[in-house]
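Novice: Take this structure first; my questions come after.
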Amino acid sequence: TQDSAGAGNHWGAVSAIWGTSGTQNVTVSLATTTGNLTSAESGNLYGDDNTNDGDTLSVNLPAASAGLHYQVYARLVAANDLVELVAQSGDTIKVDSSTVSVSGGKVRLTVAGSSIWVVALNDTEWVARSLTGSWTVDP
Numbered sequence: 003t004q005d006s007a008g009a010g011n012h013w014g015a016v017s018a019i020w021g022t023s024g025t026q027n028v029t030v031s032l033a034t035t036t037g038n039l040t041s042a043e044s045g046n047l048y049g050d051d052n053t054n055d056g057d058t059l060s061v062n063l064p065a066a067s068a069g070l071h072y073q074v075y076a077r078l079v080a081a082n083d084l085v086e087l088v089a090q091s092g093d094t095i096k097v098d099s100s101t102v103s104v105s106g107g108k109v110r111l112t113v114a115g116s117s118i119w120v121v122a123l124n125d126t127e128w129v130a131r132s133l134t135g136s137w138t139v140d141p
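Using our numbering, the first residue of the sequence shown is number 3, and each one after it goes up by one.
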């Protein structure tokens, strides 16, 4: 599908209820091809919908801006499937106190059930608020 501006995002959205205290409507989107997130999509959950194709699904973050946040979940149906969260040039992704990507780097989720929830602290830094499963940080 395309976003409302017709920019060619490849997210197929479905509605879901998500949250631990009360309920909150969150859009859950599954993708079969690389997608570019927008600031308007902040707060939503994104996952791969690859069907045993052995490809890498790239989820491209928008430019960091304080308060934006996204969660990415890896369903990874095939052994060679990967889901990667990619920062824009000039932005980094910090996953713990000592592990940070290079500018424009990425975090790869490498095992089914892995997920990352990132929050932009400012105009250049994404930080993992939550990170589960198996992952690597690639430049």
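C-beta: ideal position from N, C-alpha, C; glycine also.
1) Nearest to Gly142 by alpha carbon, out of Lys96, Val97, Ala89?
2) How is Ser67 classed by DSSP in three states: helix, strand or coil?
3) For the beta strand (DSSP E) containing Ser60, name the first residue and the last one.
4) Tell me which same chain residues have a C-beta within less than 7 Å of the C-beta of Thr22, skipping the five on either side of it?
5) Straight-line CA distance for Ser132 to Thr101?
6) Shorter than 8 Å from the beta carbon of Tyr72 to some beta carbon of chain D?
7) Nearest to Lys96 by alpha carbon, out of Leu123, Asp83, Ala42?
8) With a threshold of 16 other CB atoms inside 10 Å of the CB of Trp137, please say whether the residue is buried or exposed.
9) What does the alpha-carbon distance come out to for the pair Gly45 and Val104?
10) Nearest-angstrom Cα distance between Thr134 and Ser91?
Specialist: Taking the geometry as given:
1) Because the chain spans 3 through 141 in this model, residue 142 falls outside it and cannot be assessed.
2) On the sequence shown, position 65 is the one that residue 67 refers to. Ser67 falls in the coil class under three-state DSSP.
3) On the sequence shown, residue 60 is found 58 positions in, with the first residue counted as 1. Counting along the chain, the beta strand (DSSP E) containing Ser60 begins and ends at 58–62.
4) Position 20 of the sequence shown, counted from the start, is the residue given in the question as residue 22. No answer about Thr22 holds up, because its pLDDT of 47 lies below 50 and its placement is not dependable.
5) Counting from one through the sequence shown, the residue named residue 132 turns up at place 130. Counting from one through the sequence shown, the residue named residue 101 turns up at place 99. The alpha-carbon atoms of Ser132 and Thr101 are separated by roughly 14 Å.
6) Judged by its chain identifiers, the structure shown contains no chain D, having just a single protein chain.
7) For the purposes of this step, residue 96 is taken as the residue at position 94 of the sequence shown. With distances taken between Cα atoms, Lys96 lies closest to Leu123.
8) The residue you call residue 137 lines up with position 135 of the sequence shown. It is buried - the Cβ of Trp137 has at least 16 other Cβ atoms within 10 Å.
9) Within the sequence shown, numbered from 1, the residue matching residue 45 stands at position 43. Within the sequence shown, numbered from 1, the residue matching residue 104 stands at position 102. Cα-Cα distance, rounded: 24 Å.
10) Residue numbering aside, residue 134 sits at position 132 when the sequence shown is read from its first letter. Residue numbering aside, residue 91 sits at position 89 when the sequence shown is read from its first letter. Thr134 and Ser91: Cα-Cα distance of roughly 25 Å.
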